[in-house]
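Trainee:
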Amino acid sequence: MPDLPFATIGFDLDGTLLETHRDLGAAVNHALALGGFEPVPADHASDLIGGGAKIMLQRAVDEQGGLPEEEFRKLYKAMLAYYSENNAVHTRPYPHAREVLDQLRDSGIAMAVVTNKFESFARQILTTLDLADRFVAIIGGDTMGKGKAKPAPDPVFEAVKRGGGGSLAFVGDSSYDVMAARAAGVPVIGARYGYCDKPRGELGADAEIDSLAELIPALVRLG
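Here the working numbering = 1-based position in the sequence shown + 454.
(1) Pull up the distance between the alpha-carbon of LEU511 and that of ASP457, whole angstroms please.
(2) Run through DSSP, which three-state label would GLY617 get?
(3) Taking 8 Å as the CB-CB limit, is PHE575 close to chain C?
(4) Are the CB atoms of TYR537 and ALA564 nearer to each other than 8 Å?
(5) Just the Cα atoms here: how many angstroms apart are VAL674 and LEU488?
(6) Could you tell me the distance, in whole angstroms, from the CA atom of ASN483 to the CA atom of GLY520?
(7) In the DSSP output, which residue or residues are listed as bridge partners for LEU472?
(8) Starting from the Cα of ASN570, find the closest Cα among VAL610, GLY620, ARG552 and give me that residue.
(9) Could you tell me whether the Cβ atoms of VAL625 and ALA645 are closer together than 8 Å?
(10) Between the C-alpha atoms of ALA442 and SER621, what's the straight-line distance to the nearest angstrom?
(11) Determine the direct distance from the alpha carbon of ALA613 to that of THR545, and round the result to whole angstroms.
(12) I need the boundaries of the beta strand (DSSP E) containing ILE593, first residue and last residue.
(13) Can you list, in chain order, the stretches of the alpha helix (DSSP H) that have 4 or more residues and sit fully within the region 515-583?
(14) Taking C-beta to C-beta, are ALA496 and GLY469 nearer than 8 Å?
(15) Provide the residue(s) that pair with PHE491 in DSSP beta bridges, ordered along the chain.
(16) Verify whether the separation of the beta carbon atoms of LEU657 and ILE663 is less than 8 Å.
(17) So, is VAL543 buried or exposed, given that buried needs 16 or more other C-beta atoms within 10 angstroms?
(18) Here's the rule I'm using: 16 or more other beta-carbon atoms within 10 Å means buried, otherwise exposed. How should GLY617 be labelled?
(19) Using three-state DSSP, classify GLU668 as helix, strand or coil.
(20) Ends of the beta strand (DSSP E) at VAL632?
(21) Does the distance from the CB of ALA635 to the CB of LEU676 come in under 8 Å?
(22) Roughly how far, in whole angstroms, is the beta-carbon of VAL568 from the beta-carbon of GLY464, given that I think they are within contact range, below 8 Å?
(23) So, with DSSP's three-state summary, where would you put PHE611?
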């Protein structure tokens, strides 16, 4: 593998390393059924992802008329309870994820996950998929405290710190990832194969890839 100009690579989770929409969609539909709403199709669940589970459920509920805050809170808790027991049923790494992570690790590159998913869920899923040991840090949406999840730069700064303080490049599929990376002053690669919320070329990333097989060459060019 060619030498990379970065000490650490930060990765978003949903839509970047893992295809998660089926399990997230099942959890959303569980909560929607409890609230008397219609389920969302599995393919539509991928359009709802971005910003964390609460925003995902809020979007699904709002599309069907919304709910008072107290009633929504009950559904959200039910969704989290269901997801905690069913978060790695259909979730899988994207093609080439394991190989690329192993290449980076074998080359001495530190890797960190920065996700808006709760840290406990992220750890649980990555452990189930036998990927957790690749990362020096798994930073969730609740790790840094309230208001300090992406698009805030705080979790990216923490990834730099836990990676040893050197240079970091970030990889993510959404505008939340790009905004967090920009706020932290680090370069960012957009994962077009994920749950992108912007058209091609409009994500604002320094580079875009259509597969994780393209990541290492993109990182070389970025340096």
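By construction, the Cβ of each residue, glycine as well, lies at the ideal position given by its N, Cα and C atoms. Note that the structure is a prediction, hence the values are computed from the model and not measured.
Mentor: In this structure, then:
(1) Going by the C-alpha atoms only, they are around 42 Å apart.
(2) When secondary structure is reduced to three states using DSSP, GLY617 falls in the coil class, being assigned neither helix nor strand.
(3) Within the model displayed, chain C is absent; a lone protein chain is all it includes.
(4) Cβ distance not < 8 Å, so TYR537 and ALA564 don't count as in contact.
(5) A direct Cα-to-Cα measurement between VAL674 and LEU488 gives close to 49 Å.
(6) Rounded to whole angstroms, ASN483 to GLY520 spans 15 Å at the Cα level.
(7) Partner residues in the beta bridge of LEU472, as assigned by DSSP, are ASP468, PRO547.
(8) Put simply, of VAL610, GLY620, ARG552 the residue whose alpha carbon is nearest the alpha carbon of ASN570 is VAL610.
(9) Yes, the pair counts as a contact, with Cβ atoms nearer than the cut-off.
(10) With the chain covering only 455 through 677, there is no way to say anything about residue 442.
(11) Cα to Cα, THR545 sits roughly 24 Å from ALA613.
(12) 591-593 is the extent of the beta strand (DSSP E) around ILE593.
(13) Runs of the alpha helix (DSSP H) inside the region 515-583: 523-539, 551-560, 573-582.
(14) ALA496 is not a Cβ neighbour of GLY469, given a cutoff of 8 Å.
(15) Answer is none; PHE491 lacks a bridge partner.
(16) Pairing LEU657 with ILE663 gives a Cβ-Cβ distance that is not under 8 Å.
(17) The residue in question, VAL543, is exposed, as its Cβ has fewer than 16 Cβ neighbours within 10 Å.
(18) A buried status is given to GLY617, since no fewer than 16 other beta-carbon atoms sit within 10 Å of its beta-carbon.
(19) Note: GLU668 maps to helix in three-state DSSP.
(20) Taken as a continuous stretch (DSSP letters only), VAL632 belongs to no beta strand (DSSP E), being part of the alpha helix (DSSP H) at 629-638.
(21) Their beta carbons are not under 8 Å apart, which means ALA635 does not touch LEU676 by this criterion.
(22) 5 Å between Cβ atoms; contact.
(23) PHE611 falls in the helix class under three-state DSSP.
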